[in-house]
Every structure is written in C-alpha cells, then in structure tokens.
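Enquirer: Whatever position you read off the sequence shown (first residue = 1), add 246 for our numbering.
Okay, handing you the structure first.
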Amino acid sequence: MNKNISELNKRLVDISRLGSVIGLLDWDREVMMPKKASEHRAKSMSLLGGIVHEKFVNINTDGLLTTLKKEYESGKLNEKESAIFTNIWRSFEKEKKLPEDFIKEIMEAASLSQDAWAKARQKKSFKLFLPHLEKMVTLRKKEAELLGYEKTPYDALLDNYEPLMKSEDTTQVLEDLKNFLIPFIQKIKSSRIKVNDKILEGEFPMEKQIAFNTMIAGKLGFDFEAGRLDVSTHPFTQGDHAHDVRITTRYKDNDLFYSLGSTIHETGHAIYGQGLLPEHYGTPIGEPISCGIHESQSRMWENNIGKSKEFAQFILVSLKKEFPKVFSKVSVDELYKAINKVEPLYIRTEADEVTYNLHIILRYEIEKDLIEGKIKVKDLPQIWNKKFKEYFGLKVPNDAMGILQDVHWSFGGMGYFPTYTLGNLYAAQFYHTMSKKLPNIKKDIAKGNFKPIKKWLNANIHAKGKLYSAEALVKKVTGEKLDAKYFIEYLKDKYQEIYSL
Ligand code: CO
247 MNKNISELNK RLVDISRLGS VIGLLDWDRE VMMPKKASEH RAKSMSLLGG IVHEKFVNIN
307 TDGLLTTLKK EYESGKLNEK ESAIFTNIWR SFEKEKKLPE DFIKEIMEAA SLSQDAWAKA
367 RQKKSFKLFL PHLEKMVTLR KKEAELLGYE KTPYDALLDN YEPLMKSEDT TQVLEDLKNF
427 LIPFIQKIKS SRIKVNDKIL EGEFPMEKQI AFNTMIAGKL GFDFEAGRLD VSTHPFTQGD
487 HAHDVRITTR YKDNDLFYSL GSTIHETGHA IYGQGLLPEH YGTPIGEPIS CGIHESQSRM
547 WENNIGKSKE FAQFILVSLK KEFPKVFSKV SVDELYKAIN KVEPLYIRTE ADEVTYNLHI
607 ILRYEIEKDL IEGKIKVKDL PQIWNKKFKE YFGLKVPNDA MGILQDVHWS FGGMGYFPTY
667 TLGNLYAAQF YHTMSKKLPN IKKDIAKGNF KPIKKWLNAN IHAKGKLYSA EALVKKVTGE
727 KLDAKYFIEY LKDKYQEIYS L
C-alpha cells in the first residue's frame with residue numbers, strides 16, 4: 247500500500263476510536279444514563295468532540311494530504327487508495343470552510359432550539375418555536391453560503407447527509423413518486439376491501455416481547471456477540487465498528503408489531519454496521535456510504551422482506567407458539583394484510599409504507615423552499631396544513647400533529663428528510679436485483695433462512711464501504727441509476743392484490 251495512505255489511515259483510525267467513544271457516551275445517554283448526569287455528559291461529549299475536530303483539522307499540518315493530492319492527480323493511487331483520499335479530502339475541505347465560532351454558534355442555537363421545540367410541541371403552539379426555527383434557518387443558509395454550491399443552497403445541506411447527491415436529481419425521483427402516490431392512495435381509500443388490523447391486538451408482556459424481538463433479530467442475522475438490543479424512547483442504531491453495533495426499540499403492552507417493526511428496521515441498519523470490514527475501520531472503506539444507503543438497508547428488512555407474505559408465513563409459526571391467545575386463529579393471509587394496512591394518518595412515524603413517502607415529499611418541498619428563501623418561517627403552519635389537505639385529504643387539527651411533529655428542523659437538519667425516501671427507493675431497486683440473483687429468495691424467507699440475503703448484502707453493499715458513491719454503487723449493483731419505478735412497481739404489485747384494485 248502507498249505509504250502516505252498508510253500514514254493517513256493510521257491518523258484516521260485514532261480519530262475514529264475517539265469518535266467511537268463519543269458514540270458510546272451517546273448510546274449510554276439514551277439508554278442507561280441517570281437523569282441528573284445530563285449536563286455533565288453534554289460537557290464530556292462536547293470536549294471530546296472538540297478534540298476530534300482539532301485532530302481532523304490538523305491532519306494536514308505536515309502536508310500529508312497535499313502530498314497525497316499530487317499522487318492522486320498523477321494517477322499513483324489505486325482504486326481503494328483513491329477512494330480513501332478523495333473522501334477525506336472532501337470532508338477536510340468542507341470542515342475548513344466552517345469557522346470554529348460558527349460551528350459553536352450552530353450547536354448552541356440547535357440545543358436551545360430543540361428544547362423550545364419540545365415545549366412548543368407539548369403546548370401545541372408553533373409561535374413558541376418560531377424565533378428558534380427562524381434562527382436555525384438563517385444559520386443553515388449561512389452554512390450553505392460558507393460551503394458553497396452550484397445551483398441551490400439546498401444542495402450544500404443535502405450533501406451533509408447524502409454526499410454528492412444534487413437536489414435536481416432528488417426532485418426528479420420524488421416528483422415521479424408523488425405523481426404515482428396521490429392517485430394510488432385515493433384508489434386504496436375507495437377500495438371495497440377493508441383490512442382488519444384489530445387481529446394484531448392483544449396482551450404482550452414486555453419480557454416476552456423482548457425475547458421474541460431478540461429471537462427474530464438473531465434469525466435475520468444480527469450478531470449478539472457483536473451487539474446488543476436495549477430499550478430507548480426513540481429506536482436507533484449506534485456503532486461504527488463491526489464488533490460493537492447496538493440497537494434499541496420501544497414497547498407497548500398491547501401491540502407487539504410496534505416494537506417488532508422497529509426492531510427489524512434497526513436490525514437492518516445493524517447488519518450494515520456489522521457488515522463493514524473491521525480491517526478498514528476508521529477509513530472511508532470501512533464506513534457506510536450515506537444516510538440514504540443506510541436507510542435502504544433498514545427499510546429493505548423492515549418492508550420488502552419483513553412485510554412480505556413469505557415473512558408472514560415464517561413468523562406466524564412462532565407467533566402462534568409464543569402468543570397463542572392472540573394468534574391461534576389467525577391465518578397467514580389475515581396477518582399479511584393486517585401488517586400492510588394502508589391508511590393516511592397525521593404522524594409520519596406511524597405511517598404505512600405507501601403513505602410514508604408523501605410525508606417526506608411534503609417536508610422536502612417545504613425545507614427546500616425555506617432554504618431557497620421562497621417561503622417564510624412564520625407562514626409554515628398554513629403552508630403545511632394546505633399541502634397536507636392536498637396530499638392526504640386530511641385537515642390538520644393542531645400544530646403538534648402537523649408542523650411540530652418532527653425533531654429534525656429544530657436542530658436545523660434540513661437535507662435529512664429526503665434520505666428516508668431515497669432509502670425506500672434504493673431498497674426497492676437493490677431488492678429487485680437481489681431477487682434475480684437469489685432465485686430461491688421467497689422460499690428461503692418463508693423458511694426463515696435469511697443467510698443468503700445477508701451474504702448478498704454483505705458482499706455487494708456493506709463490504710464496499712465508501713469505495714463508491716451512492717450513485718455509482720446503485721449503478722454497479724443494479725446496472726442502472728436510481729429510478730423510482732422499482733419502488734412504484736413494488737407498491738403496485740403488492741397493494742393491487744391486497745386491495746383488489
Ligand atoms: Co432508519
């Protein structure tokens with residue numbers, strides 16, 4: 247290996263080990279930490295964060311990156327070395343453009359804004375949140391100016407979550423999807439088929455749910471010797487080393503699928519994390535590509551696999567055994583339909599896989615207009631409610647169920663939302679290819695044999711790290727660039743049958 251790349255990798259691994267410690271503190275904060283430790287923890291994390299930032303900015307003090315840049319430009323680096331260099335060079339250039347005072351200002355404003363958002367949501371009053379959101383929008387616009395962009399400031403922010411993606415392309419696929427979804431949801435709403443999801447209700451003691459979720463996560467391929475499953479308010483996956491990836495879920499006594507759905511989702515994220523190659527830990531070759539690609543892995547397990555008829559067939563056997571009171575008389579077909587009920591609701595996180603993406607498209611359109619200065623923050627509730635009526639046919643009853651429902655804008659996370667839908671689109675396209683490569687996939691799922699799927703995802707996606715951009719990976723794996731048609735076809739096939747459209 248190129249000796250400058252080896253030196254760079256060594257420095258990156260040190261920085262990443264510190265990053266992993268911050269990640270662990272963060273996991274602990276959400277899962278274990280006593281309430282009173284909050285301020286103390288925040289200070290420890292911010293101190294460590296500062297050290298990581300400083301170490302990264304100093305990576306080129308002796309000109310290591312500059313030398314590598316010359317080697318890269320004169321073609322002396324191989325494919326992997328080039329990927330390592332270009333990824334780090336990009337992050338380094340970005341980081342240099344943001345003055346330390348500005349980063350501090352954003353972090354402090356975001357922290358106050360998140361508190362204000364939580365209170366405003368509780369009081370169902372957008373007014374309480376308004377000045378904070380205005381501040382966050384102003385700061386993110388400034389960030390976009392500092393980072394630079396070609397066509398729209400939104401691109402600079404989108405790049406934080408989906409590197410190299412341009413909103414022109416995002417808009418294209420989301421428009422295609424929107425044009426399909428609005429009439430499709432109308433058709434489902436007026437179908438004579440009424441899906442009964444009451445059959446899923448019953449009594450599910452938490453201990454039994456934990457055991458069940460653990461069993462399912464293990465079956466799917468989560469390695470419990472390299473990870474854990476715990477409880478937190480909002481489910482998440484933490485861990486950037488294949489040997490320590492932790493997931494969480496949350497529980498409701500009367501609803502097993504509430505915890506199970508999110509466990510399967512997080513297991514998908516975790517299988518990606520555990521599939522990164524430990525020998526490349528700390529370097530771009532050992533890192534996930536983007537938020538959208540990460541979400542494609544969780545959504546594929548949660549929906550394409552976890553809500554298929556074959557999966558219903560597989561899981562019903564265990565459900566009947568573990569929860570006979572609830573499931574003894576339920577058929578595969580009834581279970582399959584119940585877990586795939588489509589119903590427009592106000593809250594994004596409760597949405598089914600069909601209506602979910604309309605929630606995202608609505609947010610994408612609004613946040614892009616905000617950053618481009620086409621709309622004003624003070625008008626957001628009206629804009630939201632008007633769009634919501636148009637897309638979902640529902641009148642929003644209050645701000646908590648509308649504009650205030652998500653945390654993302656409170657910390658200025660504009661650019662994040664589209665990665666959720668990109669994840670669904672990537673997932674459908676990958677799944678389409680995988681099904682062709684694994685002709686027995688349906689039989690395997692029905693039998694609870696998920697090894698071939700995990701193996702395929704490991705080899706084709708996880709082990710590559712950031713060797714390719716998201717766009718290049720999709721082309722490499724599926725032979726085509728990202729196209730909404732795979733997801734649209736998937737929805738059509740599935741829901742035309744369920745709702746006899
Ligand atoms: Co996710």
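Backbone N, C-alpha and C define an ideal beta-carbon position, used for all residues, glycine too.
DSSP on residue 724, reduced to helix/strand/coil?
Expert: Residue 724 falls in the helix class under three-state DSSP.
Enquirer: So if DSSP puts residue 501 in a beta bridge, which residue, or which two residues, is it bridged to?
Expert: DSSP output for residue 501 lists 447, 498 as bridge partner(s).
Enquirer: Quick check on residue 477: does DSSP put it in helix, strand or coil?
Expert: It is a strand residue.
Enquirer: Closest to residue 334 by C-alpha separation, out of 279, 401, 258, 738, would be which residue?
Expert: Of 279, 401, 258, 738, the residue nearest in Cα terms is 258.
Enquirer: Report yes if the C-beta of residue 544 is less than 7 Å from at least one heavy atom of the ligand CO; otherwise report no.
Expert: Yes; taking the cut-off as 7 Å, the Cβ of residue 544 has a heavy atom of the ligand CO nearer than that.
Enquirer: Please confirm whether residue 264 and residue 340 have their CB atoms less than 8 Å apart.
Expert: No, the Cβ-Cβ distance between residue 264 and residue 340 is not below 8 Å.
Enquirer: By the DSSP assignment, the alpha helix (DSSP H) with residue 296 in it spans what residues?
Expert: Residue 296 -> alpha helix (DSSP H) spans 284-303.
Enquirer: Closest by CA to residue 504, which one among 443, 521, 560?
Expert: Answer by Cα proximity: 443.
Enquirer: Going by Cα to Cα distance, which pick from 467, 554, 548, 487 is closest to residue 522?
Expert: The shortest C-alpha separation from residue 522 is found at 487.
Enquirer: Whole angstroms is fine: what's the gap from residue 301's alpha carbon to residue 326's?
Expert: About 23 Å.
Enquirer: For the candidate residues 482, 458, 484, 492, whose alpha-carbon lies nearest to that of residue 474?
Expert: Closest by alpha carbon: 492.
Enquirer: Can you tell me whether residue 432 is buried or exposed, with buried defined as 16 or more other CB within 10 angstroms of its CB?
Expert: Residue 432 should be labelled exposed.
Enquirer: For the beta strand (DSSP E) that contains residue 483, what are its first and last residues?
Expert: Run containing residue 483: 483-487, per the beta strand (DSSP E) assignment.
Enquirer: Determine the direct distance from the alpha carbon of residue 584 to that of residue 598, and round the result to whole angstroms.
Expert: C-alpha separation (whole angstroms): 11 Å.
Enquirer: Taking 7 Å as the line, does the beta carbon of residue 541 fall inside it for any heavy atom of the ligand NAD?
Expert: No copy of the ligand NAD appears in this structure; the ligands present are the ligand CO.
Enquirer: Expressed to the nearest angstrom, what Euclidean distance is found between the alpha-carbon atoms of residue 670 and residue 687?
Expert: Their Cα atoms are separated by approximately 19 Å.
Enquirer: Can you tell me the Cα-Cα spacing of residue 498 and residue 612, whole angstroms?
Expert: Going by the C-alpha atoms only, they are around 33 Å apart.
Enquirer: Tell whether a beta-carbon distance below 8 Å holds between residue 513 and residue 466.
Expert: In contact: residue 513 and residue 466 (Cβ atoms closer than 8 Å).
Enquirer: The alpha helix (DSSP H) with residue 540 in it runs from where to where?
Expert: Residue 540 -> alpha helix (DSSP H) spans 537-545.
Enquirer: What beta strand (DSSP E) runs, 3 residues minimum, are completely inside the region 634-678?
Expert: Counting only runs of 3 or more, we get nothing.
Enquirer: By the three-class DSSP mapping on this structure, what secondary structure does residue 493 have?
Expert: Residue 493: strand per DSSP, three-state reduction.
Enquirer: Does DSSP put residue 532 in a helix, a strand or coil?
Expert: Correct three-state label for residue 532: helix.
Enquirer: To which residues of the same chain is residue 691 closer than 7 Å at the C-beta, ignoring the five residues directly before and after it?
Expert: Closer than 7 Å at Cβ, skipping near neighbours: 551, 554, 556, 557, 560.
Enquirer: So, using beta-carbon positions, are residue 637 and residue 434 closer together than 8 Å?
Expert: Not closer than 8 Å, so no.
Enquirer: Of the choices 699, 485, 668, 478, whose alpha-carbon is the least far from that of residue 681?
Expert: The shortest C-alpha separation from residue 681 is found at 699.
Enquirer: Where does the unbroken alpha helix (DSSP H) through residue 741 begin, and where does it stop?
Expert: Residue 741 -> alpha helix (DSSP H) spans 731-744.
Enquirer: Mind checking whether residue 593 and residue 547 have CB atoms under 8 Å apart?
Expert: No, these two residues do not count as a Cβ contact at 8 Å.
Enquirer: Can the beta-carbon of residue 696 be found less than 8 Å from the beta-carbon of residue 610?
Expert: No, Cβ-Cβ distance for residue 696 and residue 610 is not below 8 Å.
Enquirer: Is residue 654 a contact residue of the ligand CO, with contact defined as CB to any heavy atom under 7 Å?
Expert: For the ligand CO, not one heavy atom lies less than 7 Å from the Cβ of residue 654.
Enquirer: Given 7 Å as the limit, tell me if residue 826 has its C-beta closer than that to any heavy atom belonging to the ligand CO.
Expert: No answer is possible for residue 826: the residues shown for the chain start at 247 and end at 747.
Enquirer: Which one of 458, 646, 581, 395 has the shortest CA to CA distance from residue 365?
Expert: When only C-alpha atoms are compared, the closest one is 646.
Enquirer: Roughly how many whole angstroms lie between the Cα atoms of residue 455 and residue 565?
Expert: In a straight line, the C-alpha of residue 455 is about 11 Å away from that of residue 565.
Enquirer: Under the three-state reduction of DSSP, which class applies to residue 425: helix, strand or coil?
Expert: It is helical.
Enquirer: State yes or no: is the C-beta of residue 515 nearer than 7 Å to some heavy atom of the ligand CO?
Expert: True, at least one ligand heavy atom lies under 7 Å from that Cβ.
Enquirer: Hey, out of 329, 362, 413, whose CA is closest to residue 718's CA?
Expert: For residue 718, the nearest C-alpha among the options comes from 329.
Enquirer: For residue 275, name the three-state secondary structure that DSSP assigns.
Expert: In the structure shown, residue 275 sits in a helix (DSSP, three-state: H, G or I).
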